[in-house]
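Each residue of the sequence shown is one higher than the last, beginning at 19 in my numbering. Backbone N, C-alpha and C fix where the C-beta goes; we use that ideal spot for every residue, glycine too. Let me begin by presenting the structure, written as structure tokens, before commenting on it.
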Amino acid sequence: MPLSILLASSSRYRRELLGRLLPSFDSVSPDVDEHAFHHLESTPDSLAQRLATEKTLAVFRRFPEAIVIGSDQLVDLNGTVLGKPGTVSAAVDQLLSMSGKTHRLLTAVCIAAPGKPVTSIMNETQLTMRHLTAGEALRYVERDQPLDCAGSYKIESLGISLFESIETEDFTAIMGLPLIQVSRVLRELGVAIP
Numbered sequence: 019m020p021l022s023i024l025l026a027s028s029s030r031y032r033r034e035l036l037g038r039l040l041p042s043f044d045s046v047s048p049d050v051d052e053h054a055f056h057h058l059e060s061t062p063d064s065l066a067q068r069l070a071t072e073k074t075l076a077v078f079r080r081f082p083e084a085i086v087i088g089s090d091q092l093v094d095l096n097g098t099v100l101g102k103p104g105t106v107s108a109a110v111d112q113l114l115s116m117s118g119k120t121h122r123l124l125t126a127v128c129i130a131a132p133g134k135p136v137t138s139i140m141n142e143t144q145l146t147m148r149h150l151t152a153g154e155a156l157r158y159v160e161r162d163q164p165l166d167c168a169g170s171y172k173i174e175s176l177g178i179s180l181f182e183s184i185e186t187e188d189f190t191a192i193m194g195l196p197l198i199q200v201s202r203v204l205r206e207l208g209v210a211i212p
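Below, the structure written as structure tokens:
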């Protein structure tokens, strides 16, 4: 009997992405206090990977007979971590801080399976934002409502208009889950894809 697969996330974006690969999986909130780990890691890369691992292991401890996939995403602007803005004013401020600059979008994934070593994945995307006026930033935020998105943009919709260039090995990582790498690991674990 195949193992059940759990997504350690309540993100609708990640559910939609994983649904491209798998006809059946469940989503379980990891209930991890992300802010508790910010001071424990010295780099944005290590913080993203730590958070993905903590989310995965929190769910895997509850469901040790399942394959568990956890992910975290953050924006690194010259060493400063930009998370989910939460408010319109914070989103506008984030966008203006990235205006005309290149930033890194880090998407970390951790996959745990019974009797197997934990697998970690890191995808780095380089994004160069065009110069924005305060009016453009506000108009974008009001229209696209990216308040639950790291970096205050939704690349899969109107957010694409904010950028001059994007460099990545897996464009699905920008939306929250690098499916090329995730599908490779799942196949290695015996999951039939496609």
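For residue j and residue i, the rounded distance between their alpha carbons
i, j, result
"E182", "L40", "33 Å"
"K73", "T120", "28 Å"
"T61", "S117", "23 Å"
"S201", "D51", "28 Å"
"P20", "L75", "20 Å"
"I211", "P48", "25 Å"
"L100", "V93", "5 Å"
"V209", "A54", "34 Å"
"S89", "T105", "23 Å"
"V77", "E160", "35 Å"
Member of the options whose CA lies at the smallest distance from the CA of residue i
i, options, result
"L114", "Y158, D51, I198, A130", "Y158"
"D63", "S175, Q91, G104", "Q91"
"L25", "Y31, Q67, F43", "F43"
"S27", "V127, L95, L204", "V127"
"L145", "L95, A130, I129, A152", "L95"
"I139", "Q112, A152, D188", "D188"
"V110", "M193, L176, G153", "G153"
"Q199", "I129, V77, L65", "I129"
"T71", "I178, L156, P135, P164", "P135"
"V203", "T137, E34, L176", "T137"
"E174", "L35, I23, A155", "L35"
Beta-carbon separation (whole angstroms), residue i vs residue j, contact threshold 8 Å
i, j, result
"T143", "E185", "7 Å"
"L195", "L150", "27 Å between Cβ atoms; not a contact."
"Y31", "M147", "About 20 Å separates the two Cβ atoms, so there is no contact after all."
"L207", "A108", "No, L207 and A108 are not in contact; Cβ-Cβ is about 39 Å, not under 8 Å."
Buried versus exposed, by CB contacts within 10 Å (16 or more), residue i
i, result
"T190", "buried"
"D162", "buried"
"A168", "buried"
"S29", "buried"
"P82", "exposed"
"T98", "exposed"
"S170", "buried"
"V46", "buried"
"L123", "buried"
"L58", "exposed"
"G177", "buried"
Per-residue DSSP class, three states only, for residue i
i, result
"G153", "helix"
"V93", "strand"
"Q144", "strand"
"L5", "The displayed coordinates of the chain run from 19 to 212. Any statement about residue 5 would go beyond what the structure contains."
"L40", "coil"
"I211", "coil"
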